[in-house]
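First residue of the sequence shown? That's 12 in my numbering, and the numbers climb one at a time after it.
One structure is given below, encoded as structure tokens.
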Amino acid sequence: MAFGVKIENRQRPKFVTKAKALLKLSEVYSLKHLEIITFNSELSIVQNGKHIKATPIWKWLGTII
């Protein structure tokens, strides 16, 4: 499991940089669950055949408590 934390511009979220870093990690460590923790954005993207989930911090914290 790998996480990337991104505080984005509310007008235009940018996940590409974090997604690239997570993809590189997934190649080295054979990771299956890739997630970007954001301030308030939620979306799922598929890049290079890997599913990357972006989750708002408030929602993510609710899942670990």
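Note that CB positions come from ideal geometry on N, CA and C, so glycine has one too.
Endpoints, beta strand (DSSP E) assigned at residue i
i, result
"Leu54", "Leu54 to Gln58"
Nearest candidate by alpha-carbon position, reference residue i, set the options
i, options, result
"Ala30", "Ile75, Tyr40, Asn59 and Phe50", "Asn59"
"Ile56", "Lys64, Trp69 and Thr49", "Lys64"
Element boundaries [alpha helix (DSSP H), containing residue i]
i, result
"Leu33", "Val27 to Tyr40"
Helix, strand or coil at residue i [DSSP, three-state]
i, result
"Lys70", "helix"
Span separating the alpha-carbon of residue i from that of residue j
i, j, result
"Trp71", "Leu54", "13 Å"
"Glu46", "Lys35", "13 Å"
"Lys61", "Asn51", "22 Å"
"Thr28", "Gly73", "26 Å"
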